[in-house]
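Trainee:
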Amino acid sequence: MTDIPQELKYTKSHEWVRVEDDGSLTIGITDHAQGLLGDMVFVELPDLGDEFEAEQDCAVVESVKAASDIYCPIEGEVIAINEELEEAPEQINVNAYHEGWLFRIQPLKENNFDDLMSPEDYAELVESESH
Amino acid sequence: MSKRIIEQNAEHLIFELSDKNRRSSSLAPDVDISAVCENLPEFALRKDNLELPQVAELQVVRHYTRLSQKNFSIDTHFYPLGSCTMKYNPRACNTLAQLPGLSGRHPMAHASMSQGVMACLFDLQNMLMEATGMKQVSLTPMAGAQGEFAGVAMIRAYHEHNNDTQRSEIIVPDAAHGTNPATAVMCGYKVKEIPTNEQGDIDIEALEKIIGPQTAGIMLTNPSTLGVFERKIKLIADMIHKAGGLLYYDGANLNAILGKVKPGDMGFDVIHMNLHKTFSTPHGGGGPGAGPLGVSERLQPFLPVPMVAYDGQTYRWVTEKEQPLSIGHLSAWMGNISILLRAYIYALLLGREGMERVADYATLNANYLLKRLADAGFEIAFPERRASHEFILTLRKEAKQLGTNAMDFAKRLLDYGYHAPTTYFPLLVPECFLIEPTETESRDDLDAFVEAMIKIRDEAEQLPDLLKNAPFELPVKRLDDVKAARELDLNYYYQD
Amino acid sequence: MPYIPHTPDEVTEMLGTIGVDSIDELFDEIPQELHTHLADDSTSAIPAGQSEMAVQRLLTERAMLDGTPVCFAGGGAYEHHIPAAVWEIATRGEFYSAYTPYQAEASQGTLQVVYEFQSMIASLTGMDVSNASLYDGASGLAEAVLMSVRANRKAKSKRILMPRNVSPVYRQVVETIVKNQGITLELIDFESTKGTIDLDQLKRQSEPFAALIIPQPNYFGHLENVHQLTDWAHEQGGLVIAQVNPIALALLEAPGNWGKNGADITVGEGQPLGIPLSSGGAYIGFIACKQKLVRQLPGRIVGRTIDLDGKAGFTLTLQAREQHIRRSKATSNICTNQGLMATAATLYLSFLGADGLQKVAAACVANTQTLISKLESVPSVEFPFVKNVFHEFVISLDVNIDKVLEALAEEDIVGGINISPDFGENLLLICVTETKTEDELDFFTETLARALSRLRSSEETNNGEIQS
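Protein chains in written order, with this note's numbering: chain A, 1 to 131; chain L, 1 to 496; chain B, 1 to 468.
1) Does residue 126 of chain A come within less than 8 angstroms of chain L when only Cβ atoms are used?
2) What residues in the stretch 193-214 of chain L bring their beta carbon closer than 8 angstroms to a beta carbon of chain B?
3) Compare the Cα-Cα distances from residue 364 of chain B to each of L/494, L/19, L/40 and L/13 and report the closest residue.
4) Please report the distance separating the alpha-carbon of residue 389 of chain B from that of residue 416 of chain B.
5) Taking only the alpha-carbon atoms, compute the straight-line gap between residue 59 of chain B and residue 4 of chain B and give it to the nearest angstrom.
6) Looking at C-alpha atoms only, which residue of L/368, L/381, L/411 and L/170 is the closest neighbour of residue 448 of chain L?
7) Any beta carbon from chain L within less than 8 angstroms of residue 300 of chain B's own beta carbon?
8) Quick check on residue 207 of chain B: buried or exposed, where buried means 16 or more other Cβ atoms within 10 Å of its Cβ?
9) Write down every uninterrupted run of the beta strand (DSSP E) in the stretch 121-193 of chain L whose length is 3 residues or greater and which is fully enclosed by it, in chain order.
10) Below 9 angstroms on C-beta distance, what does residue 13 of chain A contact in chain B?
11) Can you say whether residue 21 of chain L is buried or exposed, counting buried as having 16 or more other CB atoms within 10 angstroms of its CB?
12) Taking residue 74 of chain A as the reference, which of A/124, A/17, A/37 and A/2 has the closest Cα?
13) Run through the stretch 205-246 of chain B for me and flag every whole beta strand (DSSP E) of 3 or more residues, listed as ranges in chain order.
14) Spell out whether any CB of chain L is found under 8 angstroms from the CB atom of residue 71 of chain B.
15) Residues of chain L with CB under 7 angstroms from residue 289 of chain B, in chain order?
16) Going along chain L in order, which residues have a C-beta closer than 9 angstroms to the C-beta of residue 39 of chain A?
17) Examine chain L for any beta-carbon lying closer than 8 angstroms to the beta-carbon of residue 359 of chain B, and answer yes or no.
18) Helix, strand or coil, according to DSSP, for residue 68 of chain A in the structure here?
19) I need the DSSP call for residue 63 of chain L, collapsed to helix, strand or coil.
20) Based on DSSP bridge pairs, tell me the residues matched to residue 159 of chain B.
21) Strictly by DSSP, which residues pair up with residue 312 of chain B?
22) In terms of residue numbering, what span does the beta strand (DSSP E) encompassing residue 62 of chain A cover?
23) Got a sec: is the Cβ-Cβ distance from residue 62 of chain B to anything in chain A below 8 angstroms?
24) Quick check on residue 335 of chain L: buried or exposed, where buried means 16 or more other Cβ atoms within 10 Å of its Cβ?
25) In the DSSP output, what is residue 431 of chain B paired with across the bridge?
26) Taking the CB atoms as reference points, tell me whether residue 169 of chain L and residue 225 of chain L lie closer together than 8 angstroms.
27) Take residue 105 of chain L and list the residues in its own chain whose beta-carbon comes closer than 8 angstroms to its own, dropping the five residues that flank it on each side.
28) Rank L/318, L/56 and L/221 by C-alpha distance to the C-alpha of residue 309 of chain L and give the top, closest one.
29) Below 8 angstroms on the Cβ atoms is my contact criterion, and I expect residue 523 of chain L with residue 271 of chain L to pass it. Report the Cβ-Cβ distance as a whole number of Å.
30) Under 8 angstroms, Cβ to Cβ, is there at least one residue of chain A near residue 295 of chain B?
31) Does the beta carbon of residue 136 of chain L sit closer than 8 angstroms to a beta carbon anywhere in chain B?
32) I'd like the list of long-range same chain contacts for residue 147 of chain B, defined as Cβ closer than 8 angstroms, with 5 residues on each side in sequence excluded.
33) Compute the beta-carbon to beta-carbon distance between residue 74 of chain L and residue 97 of chain B, rounded to the nearest angstrom, for a pair I have assumed lies under 8 angstroms.
34) I'd like to check one pair, residue 485 of chain L with residue 318 of chain B: are the Cβ atoms closer than 8 angstroms?
35) Going by alpha carbons, who is nearest to residue 361 of chain L out of L/439, L/463 and L/45?
36) If we count the other Cβ atoms within 10 Å of its Cβ and call it buried at 16 or more, is residue 33 of chain B buried or exposed?
Encoded structure:
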């Protein structure tokens with residue numbers, strides 16, 4: 001059974017989003033997504049200070065046989081990146097929700113995150129895609 | 001085994017056989033290197049010692065002869081790699097293309113010293129025009145992917161020439177080769193994917209919805225990568241042309257219809273041919289290929305240069321002076337001429353009746369192999385359809401019930417002395433094998449392949465681990481791809 | 001039937017198994033109006049099939065028509081001695097008729113050859129990594145340009161500084177391949193008395209750029225001060241693309257050691273490494289780069305790894321960048337290398353070794369200098385640039401170059417390349433490699449001198465007639 005923590009929000013393209021106390025957002029890929037992609041071999045992260053629109057591709061995760069774009073869930077500016085992934089991309093496989101985080105953004109507009117999915121909706125999506 | 005024999009069989013790199021004090025006497029001219037260097041400017045000279053292997057001639061010959069023996073090849077194994085047309089490469093093509101007058105000619109040699117090679121290239125242009133039903137051919141692209149690039153660049157040049165600049169999209173089926181979308185992007189286009197229906201044909205309703213004034217063109221392979229003929233091709237051509245777009249034909253599967261159907265008759269405006277497939281030039285361990293272009297009348301002015309023309313007495317190069325709207329040059333001269341010559345020789349040996357036989361027997365072999373495998377209980381992806389020169393088998397049942405996937409079957413086939421079919425392409429079909437036997441395989445070889453497939457399935461039922469750990473009989477066992485990608489080791493001399 | 005093994009009985013039985021009456025029936029899904037029968041079309045431009053003997057006769061005739069002239073042309077295609085063993089081994093069926101090594105376990109031969117090729121190219125160029133090869137030097141330069149724009153995101157520029165003393169046809173190929181991606185090529189002039197890149201013009205460039213291309217030797221055969229140029233480009237935040245001749249690198253500084261930090265990407269035409277001239281192809285482009293740019297490197301790459309037993313083996317790696325996985329987001333649409341040519345180049349370098357390659361390069365330089373000194377004694381032969389050259393140089397003449405080349409062709413000499421259309425009146429680019437003997441250099445000099453005096457006198461006569 002794939003792990004879908006209750007405290008996070010999700011996207012259709014299999015990113016998870018954690019709203020931090022300071023209003024910034026931490027982003028990674030879900031446990032389900034890392035399982036589909038297999039052993040990670042490389043992660044291409046955005047640069048600090050890059051600004052992205054919602055749903056713009058901003059990073060790439062690469063396994064031996066697949067490469068997958070990561071989409072920015074909400075318009076924002078990159079304020080932190082997980083540099084450890086450059087040396088150890090397998091952290092995404094080990095723990096997609098903690099050591100495997102990708103980057104953090106500061107939203108550029110007021111946002112109530114309506115476009116993001118609840119854990120229940122995401123679980124449903126995963127279920128429907130496996131059929 | 002004695003220590004000596006074990007050492008001989010060990011995995012040496014050529015660099016490990018090297019000794020910097022060994023000299024390759026007879027192969028290099030006798031000259032005083034340091035005296036020469038005194039005449040060159042100091043700032044330009046190499047400061048460090050050049051490192052290359054210093055090995056005697058016999059040991060080099062032996063090293064590479066042994067390495068060659070670690071390969072599967074058409075000359076040694078049945079090689080049913082779908083979409084790649086691994087058929088016999090006649091030896092005459094290789095021998096004759098290396099005649100001194102042909103292999104020694106400098107590309108800038110005077111036209112009076114070039115009439116022989118130009119005659120060959122001119123004849124080849126005409127033969128390819130005839131075989132494909134196109135109005136003109138340019139031989140210059142150096143591979144299928146470069147032919148694709150040039151073809152889409154011509155579509156762009158055509159629209160720009162007509163001041164029709166709002167066309168920004170190229171339509172590509174979801175089952176297409178990865179080169180199609182990659183090429184469209186290289187030419188500055190957005191890619192629109194269209195789905196394929198359950199019968200393997202393009203979804204016409206979906207196509208209808210995405211065609212519009214923004215459509216620059218569509219890229220199709222026919223027969224498609226699913227191993228079936230696109231039956232509504234004329235309708236698709238009409239739809240695209242009505243919207244002002246053009247049709248691109250990816251000639252990857254031309255072997256299926258050579259002499260039977262001409263892409264020009266299907267309504268295509270531009271096509272590329274893979275001579276290393278249909279015209280049996282060597283695959284060479286991954287190239288060189290050759291990807292000549294054919295065009296309909298409206299794209300003729302945009303063809304890449306040079307081409308060869310003939311006035312009844314003399315052959316001459318057609319350059320951008322005569323072809324001012326050309327998309328330009330794709331290589332320093334005229335592409336892979338030594339490969340084009342091999343294709344020309346093959347075409348002469350086959351002749352027109354031999355060309356039609358290619359499609360006849362490639363199709364016969366594919367349909368026979370499909371039937372035998374279906375009768376043996378393997379699941380065919382499109383059982384209602386005729387196979388073209390290739391077909392798709394899905395091992396999803398075996399994967400689900402036995403836990404052995406298509407890659408496990410592929411690796412075990414190697415143990416039985418068969419190169420594996422193309423696996424996991426097209427992506428639409430789960431656990432798939434794309435199988436292309438080609439016309440040059442005998443019935444006995446096809447039958448033996450079926451027997452091997454049946455045996456492997458038996459093994460999957462009884463000893464699934466055997467498949468998962470295969471191969472066993474090859475120079476190496478399954479390789480660690482993850483390590484290869486994480487801890488890159490691409491250069492013997494590199495030190496981090 | 002050539003290459004078709006089926007007997008009539010087998011065909012009947014196979015059709016029976018399928019459940020059809022004829023081979024034609026297998027094409028019944030194809031709409032009727034599209035059917036054609038090439039075999040029956042006697043008006044076709046495609047002749048009936050011929051025997052191997054007949055085809056051999058035709059090809060031999062045509063090959064003899066082109067002959068085996070003495071060649072003094074270079075310009076990106078160079079005549080070198082090719083050890084006999086190179087093509088004996090390269091055309092072994094196991095190399096010749098294998099495909100891209102998708103099934104690594106069944107392709108260790110090809111894969112190890114490519115790994116060795118990559119290592120040798122990296123060593124020659126002083127770069128960290130090389131790919132498995134590209135189509136040719138010209139399209140390789142285009143790929144290097146695309147790569148530099150991807151790699152130098154910081155410059156936020158799609159401008160490339162392209163010296164005019166890069167081969168004109170290379171410049172055209174780059175233009176064809178990159179023009180639809182919004183990349184601009186800024187032409188940089190050369191110093192009219194030296195033939196090398198004009199550093200003053202370069203220094204007037206104020207806009208940011210993605211990369212500077214440095215040819216070494218340049219199209220005129222001259223040696224650039226690569227250290228100065230490299231450092232300047234790096235100071236401006238640009239990358240450096242070195243475009244080099246692999247034989248010359250036996251003696252010349254490796255691009256990895258240019259300036260303080262070395263070139264970032266190196267490309268070139270690998271044809272001199274054991275590939276026959278064959279009218280300009282099939283050749284082999286090579287491309288190598290610094291380790292940190294490896295993910296932007298286009299094309300196939302082979303890596304060394306281990307198998308289940310821990311034994312060393314080779315496999316294609318970094319495939320996720322490629323078109324069959326990344327589709328529209330791939331680094332390039334390329335899906336092959338020039339495998340057979342890479343095999344030949346690897347064999348060539350192994351047979352010669354470092355010492356042998358240096359001797360080949362040195363013999364090229366020595367012969368070139370000999371011909372230069374012989375030509376100095378021919379009246380009206382001028383050398384427009386100072387003579388810091390590797391194995392090519394430019395002379396200017398007072399007569400039409402096409403006519404000179406025609407006159408030399410009559411004596412079975414390929415006399416060089418007329419570069420006048422691109423660089424100004426009556427300029428001839430000449431190349432001398434290690435294959436030339438003293439006799440051939442004398443023959444060239446004498447034939448040229450004779451042709452010049454004859455052409456000059458006929459031009460004077462013609463001019464006289466026009467005036468009268």
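Quick reminder that beta carbons are idealized off the backbone N, C-alpha and C, glycines included.
Mentor: Inspection of the coordinates gives the following:
1) Counting from 1 along the first sequence, the entry for residue 126 of chain A is found at position 126. No, residue 126 of chain A lies away from the interface with chain L (no Cβ there is under 8 angstroms from its Cβ).
2) Answer set for the stretch 193-214 of chain L: empty.
3) Walking along the third sequence from the start, residue 364 of chain B turns up at place 364. With distances taken between Cα atoms, residue 364 of chain B lies closest to L/40.
4) For the purposes of this step, residue 389 of chain B is taken as the residue at position 389 of the third sequence. For the purposes of this step, residue 416 of chain B is taken as the residue at position 416 of the third sequence. Just so you know, the alpha carbons of residue 389 of chain B and residue 416 of chain B end up roughly 16 angstroms apart.
5) As a working mapping, residue 59 of chain B is identified with position 59 in the third sequence. As a working mapping, residue 4 of chain B is identified with position 4 in the third sequence. Cα-Cα distance, rounded: 24 angstroms.
6) Locating residue 448 of chain L in the second sequence gives position 448, where the first residue counts as 1. The shortest C-alpha separation from residue 448 of chain L is found at L/368.
7) The count along the third sequence starts at 1 and reaches residue 300 of chain B at position 300. Nearest CB-CB separation between residue 300 of chain B and chain L: below the 8 angstroms threshold.
8) Residue 207 of chain B sits at position 207 when you count from the first residue of the third sequence. Burial call: exposed.
9) 136-138 and 169-173
10) Counted from its first residue, the first sequence places residue 13 of chain A at position 13. Result: empty, since nearest Cβ-Cβ is about 14 angstroms, beyond 9 angstroms.
11) In the second sequence, residue 21 of chain L corresponds to position 21, counting from 1. By the 10 Å Cβ count, residue 21 of chain L comes out exposed.
12) Here residue 74 of chain A is taken as the residue at index 74 of the first sequence, counted from 1. When each option's Cα is compared against that of residue 74 of chain A, the closest is A/17.
13) The beta strand (DSSP E) runs lying completely inside the stretch 205-246 of chain B and spanning 3 residues or more are 211-216 and 239-244, given in chain order.
14) Position 71 of the third sequence holds residue 71 of chain B. Chain L, which has a Cβ nearer than 8 angstroms to the Cβ of residue 71 of chain B, makes this yes.
15) In the third sequence, the residue the question calls residue 289 of chain B occupies position 289. Annotation: residue 289 of chain B has no Cβ neighbours in chain L at a cutoff of 7 angstroms; minimum Cβ distance is about 11 angstroms.
16) Against the first sequence, residue 39 of chain A aligns to sequence position 39. 481, 482, 485 and 486, listed in chain order.
17) For the purposes of this step, residue 359 of chain B is taken as residue 359 along the third sequence, with counting starting at 1. Interface residue, yes.
18) Residue 68 of chain A sits at position 68 when you count from the first residue of the first sequence. In the structure shown, residue 68 of chain A sits in a strand (DSSP, three-state: E or B).
19) Indexing the second sequence from 1 puts residue 63 of chain L at position 63. Correct three-state label for residue 63 of chain L: helix.
20) Your numbering for residue 159 of chain B matches position 159 in the third sequence. Residue 159 of chain B pairs with B/184.
21) As a working note, residue 312 of chain B is residue 312 in the third sequence. In the DSSP output, where bridge partners are listed per residue, residue 312 of chain B has B/306.
22) Working through the first sequence from its first residue, we reach residue 62 of chain A at position 62. Counting along the chain, the beta strand (DSSP E) containing residue 62 of chain A begins and ends at 57-63.
23) Taking the first residue of the third sequence as position 1, residue 62 of chain B is located at position 62. Residue 62 of chain B does not count as touching chain A.
24) Taking the first residue of the second sequence as position 1, residue 335 of chain L is located at position 335. By the C-beta density criterion, residue 335 of chain L is buried, having at least 16 other C-beta atoms within 10 angstroms.
25) By one-based count along the third sequence, residue 431 of chain B stands at place 431. BP columns for residue 431 of chain B point to B/392.
26) Sequence index remark: in the second sequence, residue 169 of chain L carries index 169 (1-based). Sequence index remark: in the second sequence, residue 225 of chain L carries index 225 (1-based). No, the pair does not count as a contact, with Cβ atoms beyond the cut-off.
27) Residue mapping note: residue 105 of chain L aligns to position 105 of the second sequence, counting from 1. Answer for residue 105 of chain L: 113, 114 and 117, listed in chain order.
28) The count along the second sequence starts at 1 and reaches residue 309 of chain L at position 309. For residue 309 of chain L, the nearest C-alpha among the options comes from L/318.
29) There is no way to answer for residue 523 of chain L, as the model of chain L reaches only from 1 to 496.
30) What you label residue 295 of chain B is simply residue 295 of the third sequence in a count that begins at 1. Yes, residue 295 of chain B lies at the interface with chain A (some Cβ there is under 8 angstroms from its Cβ).
31) As a first step, residue 136 of chain L must be located in the second sequence, where it is residue number 136. Chain B, which has no Cβ nearer than 8 angstroms to the Cβ of residue 136 of chain L, makes this no.
32) For this step, residue 147 of chain B is matched to residue 147 along the third sequence. Here the set comprises 265, 287, 289, 293, 296, 297, 298 and 331.
33) Locating residue 74 of chain L in the second sequence gives position 74, counting from the first residue. Locating residue 97 of chain B in the third sequence gives position 97, counting from the first residue. Confirmed, about 4 angstroms.
34) Mapped onto the third sequence, residue 318 of chain B falls at position 318. Mapped onto the second sequence, residue 485 of chain L falls at position 485. In contact: residue 318 of chain B and residue 485 of chain L (Cβ atoms closer than 8 angstroms).
35) Translated into the one-based positions of the second sequence, residue 361 of chain L becomes position 361. Measuring from the Cα of residue 361 of chain L, the nearest candidate turns out to be L/439.
36) Start at 1 with the first residue of the third sequence, and residue 33 of chain B comes out as number 33. With fewer than 16 other beta carbons inside 10 angstroms of its own, residue 33 of chain B counts as exposed.
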